[in-house]
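Here is the structure we will look at, set down as structure tokens.
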Ligand SMILES: Nc1ncnc2c1ncn2[C@@H]1O[C@H](COP(=O)(O)OP(=O)(O)O)[C@@H](O)[C@H]1O
Ligand SMILES: [Mg+2]
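Residue numbers (the working numbering), protein chains in the order written: chain E, 56 to 364; chain R, 2 to 243.
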């Protein structure tokens, strides 16, 4: 492969990973924007999403990569699995907020953050026990289609990721910008007390943020499975950590920042894996993060000292 | 009475801020609340809006106790705030800020009517409707803050230091508009440091001192009350330089 083909190939790979990281990073950013809380449970909500998708696909009688579907049945199964997964993780996020975080509302200090770490470990351990710590083969009904583009290869899962992820992100963007509840979310992020005095029910806004963020994480989890053909209890900490990095890189709390950060991390991972060494990917990702934060402490698009007035 | 405080005690933790406070605000009045720093003026406003809850006493709006109601319900019943230091949603547009004022109301002819009313009261706000609110000048932001409150179509407007930090020209405008809003039928309860101006447009006033009402009466009488002149109208006694 020529250098330009390699570069193109890694750009394709990086954009696919990036779309997944961006979906996940959005959840961190939505919740941080409103509660100024880093929700560590999000890592494993993503992991749960991948398992939910796995169970739904198995429910359709799919195992491994042996059952291939095409046409309407394929679309039907994928859409159904995506909807169930996103709804499931969305509800999971809402339950986590309602049960473990709402009682701590108004308490300053790290209590809420520590709680999310605890919840994260509970989810992690549930799946660890259910799977006996095994890595599972992820059902993939997609035909093995691929296309040559200037010496690089684009596969069907990648094309699907590029269709679905932007669709979801545009949907979220439109919701936050245009809908009544979306505007209430932005208002609450900027000044919770003033928003409340306009009649905004802040609890409802927080619930919405958890639902949307967690639903997107679920979509990310399903994409992970279809892309890598496996899932495991560990993926929350590997992929989730990179997505969190993406959110911080873009400026946590900033929605477009999370998207840009996600794609940036995906590309860095792909390029460094190709041109340096896969084992160095994380070192490079985090070195770039540190460098960016040294020069722009609030991230690429973030504002220092959340402007609350 | 449109709004009454009956023996209200409000605390922040152990800090006793409002002590046995009573107010009565009649339909159609402009009532002004005067008082020094940290005496509980903003806390009064927050107690009306339900952002803080009184420990004892009752807040009556339109004949019904509201002190246990959530904030949104109070807004629905017709109370809207103009917050201290304006507190616009700084990264939203002026129009979106106005929309947030009407958050609990349906879009439709009434919304459009209220929008027109705000635009005619504040032509400047109309000009700036697509601008990001945080980029406006202080005076313009105050206009938006007042417009935002009017978008709730309130019966009672609670204003916390609407003239704070504004240039004299804007101060005058703000007080003119408050009178105009009142003439159009909205009752106004207003905290002010600018006692001189406030007592000129208010019908009645209360004076709060470390959480207690120490004086109240008709604005015209308070304007000539020696205690008030000394404490709050100091500048009036300095003869203007020729
Ligand atoms: N959220 C709060 N928590 C604790 N103390 C507060 C809070 N808000 C105000 N206070 C205190 O309550 C007192 C009255 O405050 P406030 O009503 O804002 O005074 P002002 O008359 O200047 O508007 C002050 O001593 C202030 O420090
Ligand atoms: Mg105050």
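All C-beta atoms in this analysis are idealised placements derived from N, C-alpha and C, irrespective of residue type, glycine included.
Since this is a predicted model, take the numbers as computed values, not measurements.
At a CB-CB cut-off below 8 Å, which residues of chain E make contact with residue i?
i, result
"residue 72/R", "251, 252 and 254"
"residue 76/R", "252, 253 and 254"
In the DSSP assignment, find the unbroken beta strand (DSSP E) run with residue i in it and report its ends.
i, result
"residue 160/R", "157 to 161"
"residue 17/R", "16 to 26"
"residue 58/R", "57 to 62"
"residue 238/E", "Residue 238/E -> not in any beta strand (DSSP E); alpha helix (DSSP H) instead, spanning 235 to 245."
"residue 217/R", "213 to 219"
"residue 207/E", "207 to 210"
"residue 204/E", "201 to 204"
"residue 31/R", "31 to 36"
"residue 190/R", "188 to 192"
Note down, in chain order, every chain E residue with its Cβ under 7 Å from the Cβ of residue i.
i, result
"residue 230/R", "Simply none; closest approach about 34 Å."
"residue 105/R", "254"
"residue 102/R", "253"
Considering only their Cβ atoms, is the gap separating residue j from residue i smaller than 8 Å?
i, j, result
"residue 143/E", "residue 321/E", "no"
"residue 233/R", "residue 196/R", "yes"
"residue 167/E", "residue 81/E", "no"
"residue 260/E", "residue 151/E", "no"
"residue 3/R", "residue 157/R", "yes"
"residue 210/E", "residue 201/E", "yes"
"residue 294/E", "residue 317/E", "no"
"residue 86/E", "residue 220/E", "no"
"residue 193/R", "residue 164/R", "yes"
"residue 231/E", "residue 247/E", "no"
"residue 312/E", "residue 355/E", "yes"
"residue 115/E", "residue 132/E", "yes"
"residue 226/E", "residue 109/E", "no"
"residue 266/E", "residue 154/E", "no"
"residue 8/R", "residue 58/R", "yes"
"residue 252/E", "residue 137/E", "no"
"residue 86/R", "residue 155/R", "no"
"residue 300/E", "residue 340/E", "yes"
"residue 128/R", "residue 61/R", "no"
Between which two residues does the alpha helix (DSSP H) harbouring residue i extend?
i, result
"residue 81/R", "Unbroken run through residue 81/R is the beta strand (DSSP E), 80 to 83; no alpha helix (DSSP H)."
"residue 110/E", "96 to 114"
"residue 4/R", "Per DSSP, residue 4/R belongs to no alpha helix (DSSP H); it is in the beta strand (DSSP E), 4 to 13."
"residue 208/R", "Run containing residue 208/R: none in the alpha helix (DSSP H); it sits in the beta strand (DSSP E), 205 to 210."
"residue 168/E", "166 to 185"
"residue 101/R", "95 to 102"
"residue 295/E", "290 to 305"
"residue 358/E", "Segment: none, residue 358/E is in no alpha helix (DSSP H) and carries neither H nor E."
"residue 71/R", "Unbroken run through residue 71/R: none, as it is neither H nor E."
"residue 171/R", "169 to 184"
"residue 132/R", "Premise fails: residue 132/R is in no alpha helix (DSSP H) and is neither H nor E."
"residue 75/E", "58 to 90"
Along chain R, which residues have their Cβ under 9 Å away from the Cβ of residue i?
i, result
"residue 248/E", "47, 52, 84 and 88"
So, for residue i: in the same chain, excluding its five sequence neighbours on each side, which residues have a beta-carbon less than 7 Å away from its beta-carbon?
i, result
"residue 202/R", "31, 176, 179 and 180"
"residue 44/R", "11, 18, 19 and 53"
"residue 200/R", "33, 206, 220, 223 and 224"
"residue 72/E", "321, 324 and 325"
"residue 119/R", "99, 126, 148, 151 and 152"
"residue 255/E", "239, 242 and 243"
"residue 190/E", "285 and 287"
"residue 76/R", "105 and 153"
"residue 370/E", "Any property of residue 370/E remains undetermined from this structure, which presents chain E solely from 56 to 364."
"residue 241/R", "Only weak support is given to the placement of residue 241/R: the predicted model assigns it a pLDDT of 46, under 50, and the value that follows is read from those uncertain coordinates. Hits under 7 Å: none found."
"residue 168/R", "140"
Anything in chain R within Cβ reach of residue i, meaning under 8 Å, just list it in chain order.
i, result
"residue 245/E", "90, 91, 92 and 93"
Could you list which residues in chain E have their beta carbon closer than 9 Å to that of residue i, in chain order?
i, result
"residue 97/R", "238, 241 and 242"
Could you name the residues of the same chain whose beta carbon sits closer than 6 Å to that of residue i, not counting the 5 residues immediately before and after it, in chain order?
i, result
"residue 275/E", "75, 78, 79 and 101"
"residue 49/R", "159"
"residue 171/E", "94, 95 and 96"
"residue 121/R", "none"
"residue 237/E", "230 and 231"
Residue i and residue j look like a contact to me (Cβ under 8 Å); what is the Cβ gap, rounded to whole Å?
i, j, result
"residue 118/E", "residue 212/E", "About 18 Å separates the two Cβ atoms, so there is no contact after all."
"residue 123/R", "residue 144/R", "4 Å"
"residue 272/E", "residue 174/E", "Not really, about 13 Å apart at Cβ, beyond 8 Å."
For residue i, which residues in the same chain have their Cβ closer than 8 Å to its Cβ, ignoring the five residues on either side in sequence?
i, result
"residue 63/E", "204, 205, 206 and 207"
"residue 94/R", "130, 131, 132, 133 and 134"
"residue 236/R", "Residue placement at residue 236/R is poorly supported in this model, since its pLDDT is 44, which falls under 50; the coordinates still yield a value, given next. Counting only Cβ-Cβ distances below 8 Å, and skipping sequence neighbours, we find 197."
"residue 314/E", "77, 80, 81, 224 and 305"
"residue 116/R", "99 and 152"
*Check your reading: residues with Cβ closer than 7 Å to ligand 4 heavy atoms*: This structure does not include ligand 4; its bound ligands are ligand 1 and ligand 2.
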